[in-house]
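Asker: Residue numbers (the numbering used here), protein chains in the order written: chain P, 1 to 442; chain Y, 443 to 736; chain F, 737 to 1016.
#1: Using 8 Å as the threshold, is the stretch 414 to 433 of chain P in touch with the stretch 225 to 242 of chain P, meaning 3 or more CB pairs across them?
#2: Can you tell me where the alpha helix (DSSP H) with residue 890 of chain F in it begins and where it stops?
#3: Measure the CB-CB distance between residue 878 of chain F and residue 817 of chain F and report whether it falls below 8 Å.
#4: Around the Cβ of residue 131 of chain P, are there at least 16 other Cβ atoms within 10 angstroms (buried) or fewer (exposed)?
#5: Can you tell which of P:394, P:197 and P:143 has its C-alpha closest to the C-alpha of residue 256 of chain P?
#6: Can you name the residues of chain A whose CB is closer than 7 Å to the CB of residue 915 of chain F?
#7: Under the three-state reduction of DSSP, which class applies to residue 154 of chain P: helix, strand or coil?
#8: How is the alpha helix (DSSP H) around residue 280 of chain P delimited, first residue to last?
#9: Taking a contact to mean a Cβ-Cβ separation below 8 Å, would you say residue 829 of chain F touches residue 495 of chain Y in this structure?
#10: Would you call the stretch 593 to 600 of chain Y in contact with the stretch 677 to 685 of chain Y, where contact means no fewer than 3 C-beta pairs closer than 8 Å?
#11: Are residue 696 of chain Y and residue 756 of chain F touching if we call contact CB-CB under 8 Å?
#12: Return helix, strand or coil for residue 47 of chain P, following the three-state DSSP convention.
#13: Buried or exposed: which applies to residue 502 of chain Y, given that a residue is buried once 16 or more other Cβ atoms fall within 10 Å of its Cβ?
#14: What do you reckon, are the CB atoms on residue 37 of chain P and residue 120 of chain P nearer than 8 Å?
#15: Quick check: what's the CA-CA separation for residue 740 of chain F versus residue 813 of chain F?
#16: Does the stretch 299 to 317 of chain P come within contact of the stretch 377 to 397 of chain P, defined as at least 3 CB pairs closer than 8 Å?
#17: Candidates P:76, P:270, P:284 and P:340: which alpha carbon is nearest residue 297 of chain P's?
#18: Does any C-beta atom of chain P lie closer than 8 Å to the C-beta of residue 674 of chain Y?
#19: Taking the C-alpha atoms as reference points, what is the distance between residue 27 of chain P and residue 491 of chain Y?
#20: Compute the Euclidean distance between the alpha carbons of residue 441 of chain P and residue 435 of chain P, then round it to the nearest angstrom.
#21: May I ask you to list, following chain order, the residues of the stretch 75 to 89 of chain P that have a beta carbon less than 9 Å from some beta carbon of chain Y?
#22: By alpha-carbon positions, which one of P:361, P:355 and P:386 ends up nearest to residue 371 of chain P?
#23: Could you pull the start and end residues of the beta strand (DSSP E) that residue 76 of chain P belongs to?
#24: For the ligand FAD, any of its heavy atoms closer than 7 Å to the Cβ of residue 552 of chain Y?
#25: Roughly how many angstroms lie between the CA atoms of residue 863 of chain F and residue 96 of chain P, to the nearest whole one?
#26: Which residues in the same chain as residue 285 of chain P place their Cβ atom closer than 6 Å to its Cβ, once the five residues preceding and following it in sequence are excluded?
#27: Just the Cα atoms here: how many angstroms apart are residue 891 of chain F and residue 927 of chain F?
#28: Roughly how many angstroms separate the alpha carbons of residue 351 of chain P and residue 596 of chain Y, rounded to a whole number?
#29: Quick one: what's residue 218 of chain P bridged to in DSSP?
#30: What's the C-alpha gap between residue 470 of chain Y and residue 317 of chain P?
#31: Determine, for residue 94 of chain P, whether the minimum Cβ-Cβ distance to residues of chain F falls below 8 Å.
#32: Beta-carbon within less than 6 Å of residue 359 of chain P's beta-carbon, same chain only, minus the 5 sequence neighbours each way: which residues are those?
#33: Taking C-beta to C-beta, are residue 482 of chain Y and residue 630 of chain Y nearer than 8 Å?
#34: Going along chain F in order, which residues have a C-beta closer than 9 Å to the C-beta of residue 567 of chain Y?
#35: For a contact meaning CB atoms closer than 7 Å, what does residue 866 of chain F contact in chain Y?
#36: To the nearest angstrom, how far is it from the Cα of residue 701 of chain Y to the Cα of residue 403 of chain P?
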């Protein structure tokens, strides 16, 4: 009897473990419902579940709403906290949980969702032909396109306070190293002003300066590509990455950052810039609404006071990054009605619904056939920058490294790591990611 | 024979009582735990569906990236600091508030308040207090003008601050446990010591502290292990930063999940388990021996 | 002599007050006072009274836009059943573990106690729930809470019951009472003090649980209070400043239920602890 009981206990545990095991092997293996992704899908389901970020811009939510109203589809919006969003999505995804529409990054981050197995390929969708060269470096894997990118990319650069610079008799910096001179001059002429606002407390903004600095080398030699095929390494002491890091650290030691750089959050930075207590604010163009909010949503007023610049190591170059907002994927759920409806949404938002949508985004168009609002003020500066010298942000396709990058930068900022150490750890993080993604040569 | 039979039946009769509770534990704790062990040695990631055994590769990668040992170091420092602050403060408070008077009852409840606040919430409150322009610095600035040190912005102070907040949060509960322990010591023993000529200090160490052993075991083990499993508080304040100076094991695991590296995440989970076993068991054994000696 | 004692007592209370002032009052005060300020003022994180009272605005915003009542309902929906299930089933199991001498029972007990200290694994848990079809539901979350928090109640109760002599049970058994009857009539009432202590620990731990809630509860309409707070606090992309006033209001509202429960229960709990419930 005793032994029987013991056996029963063990059996329960093992049985449950095996159940969970088999569930695991089934992870996401639902196969697709056989729906063709070539622009012919129609609305078939009455309900659609979409995963969104809690920090989504209004135009995304409105797109769902308008589509739902027009076609009589109930949209279940599942909100995921913006902080730690990747974590949440990864974990839900790994357990086999699938929405009908997924909004996610178009960079290599989405590779971790195993798109070949879990997502519907979109290479034949009509909007692809209208997207120019976008999918060469974003939203695709192994030559297959999985994303629908509907919003113009964001650029990384620096907002600057025009008055502060004018008062100090300074011109706009063109290279990253120019900032040293700017900093020295400002310290003499305007001692209360911090040259650069760094938001170590928010972590992600600390990547921006390096991305800006490396934009020129990315443009000239395709640096990130070289790193991926091992022609160059991140830990090379004389390489562009470590050089940029060293320059960053030099600026910090010179006292060019705000005093509370290690803990400052990015939210108050816009006001600080407007007040003139800070000269340069490294940011993304997608944060324009937050900047104009400080000026009472008056774009003209903001543009009169604030300018935009991207001083890269080799001269003015912008680093662009595909937008998270408005980038959608259609997971394979095995439910052909829902898949069809999801595809129909994408078709609608890129054709009939596109113009209104585009106007609301206030960004330049990424699909041809839409008339973007004429840029004014700072937006014109953005468009000019995008039109002239630009390159994909270096971290976009460096799997494994991109997730670690903010941590390494805050470590550099706080003095935990030296630039050389950051280079080494970055290379190792990249190795872990590349191996997991089964990239050739790793 | 009949006695044996009824004894057997008596034993078997316990199972309906055990099974429901144990089924829950087995299904929702033991089973996932066992599964996790397996995953710790695989290359499971979100990039591919193939889950292959890869020996110690996960651990090698984590060590190489300075993630593993850093997380262990941070976790241990955090755990020991929190445990010390908590126990010293709580024991002192317990001594002061030992007698069950109205006033003491009021203060006991009062100190219990932080226990009730969610760790996440506590994290937000203390982020505000420890901000460079926050109330703590303003108070210090009365003595040291212009004081604006970023407590959570520098590795060492961030970790120390978090350990302190952890202690702050749980001390109210630990104080109550110590009070219970103190009240369990028969008055006769302390009186006997007094008659023998021992002063207050000696009375405390020789008699009461010795006899506090069971309560001491409970609190040291609970605070230590609780801190090893810390997550909520760190997530709501520094999120492991700056750099990796407050990245405790569970935060490191969380980060690995977020990057899609499920294998290494499970490996870190395993490390937490090993740490608990390696530290907890000898600690419990040692403290138990003290209990018996007392 | 009397005066000396009274003087010492006064000093003692004074010292205690100062300590509690810094230790408890200040953080709680900061929390309360800033939750009543408008955005700009609250961002200064100062200890002064609000110059402008935004108490009603802040709290009503949190209740409406922060979906407080919904989250409160969700928390209750999870915590109350968890409490009931663990107390009843845990007490039953504790009695068995305290009295049974079988090897298997000891194994089961040790596994149960281990669950207090070993970390629970998120991903495999999600799988299980997925297989059972309850992933993302409050029911699934409740089951996980019940399974992972059973340990502490069982531990406390077993220790307690072990220290109680068997006489009552044995005589009742001789009188012909069945096991269940003995449990309901004798054991359970006896264990109430230690179960109350366990309940307090359990309520605090489950009410404030955040890690698993994030993974196991799908959608913001199922979020429990801590999760709702986190989502609320991180949904500030449109804001140019972190909305401390609203976050603090949310924190206050999240903590109030527990404080109320504690005030009601504390009279029973502290004596319960003092009576040596913490044994073994």
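The C-beta atom is built at its ideal place from N, Cα and C for all residues, glycine as well.
Answerer: Put simply:
#1: Yes, the stretch 414 to 433 of chain P is in contact with the stretch 225 to 242 of chain P.
#2: 874 to 898
#3: yes
#4: buried
#5: P:197
#6: Here the protein chains are P, Y and F, and chain A is not one of them.
#7: In the structure shown, residue 154 of chain P sits in a strand (DSSP, three-state: E or B).
#8: In the DSSP annotation of this structure, residue 280 of chain P is not part of any alpha helix (DSSP H); the continuous beta strand (DSSP E) holding it starts and ends at 278 to 284.
#9: no
#10: yes
#11: The Cβ atoms of residue 696 of chain Y and residue 756 of chain F lie no closer than 8 Å to each other.
#12: strand
#13: exposed
#14: Contact check for residue 37 of chain P against residue 120 of chain P passes: the beta carbons are separated by less than 8 Å.
#15: 54 Å
#16: A contact is defined here as three or more CB-CB pairs under 8 Å, and the stretch 299 to 317 of chain P meets this definition with respect to the stretch 377 to 397 of chain P.
#17: P:270
#18: no
#19: Any reading at residue 27 of chain P must be qualified, since the residue scores a pLDDT of 39, below 50, and its modelled position is unreliable; no value is offered.
#20: 9 Å
#21: 83, 84, 85, 86, 87, 88 and 89
#22: Of the candidates P:361, P:355 and P:386, the one whose C-alpha sits nearest the C-alpha of residue 371 of chain P is P:355.
#23: 74 to 80
#24: Inclusion of the ligand FAD in the displayed structure is not the case, the ligand content being empty and no account of it being possible.
#25: About 8 Å.
#26: 154, 155 and 382
#27: 12 Å
#28: 51 Å
#29: BP columns for residue 218 of chain P are empty, so no partner.
#30: 54 Å
#31: yes
#32: 373
#33: No, these two residues do not count as a Cβ contact at 8 Å.
#34: 763, 764, 766, 767, 984 and 987
#35: Going along chain Y, no residue has its Cβ under 7 Å from residue 866 of chain F, so there is no contact; the nearest lies around 12 Å.
#36: When rounded, the distance between both Cα atoms is 6 Å.
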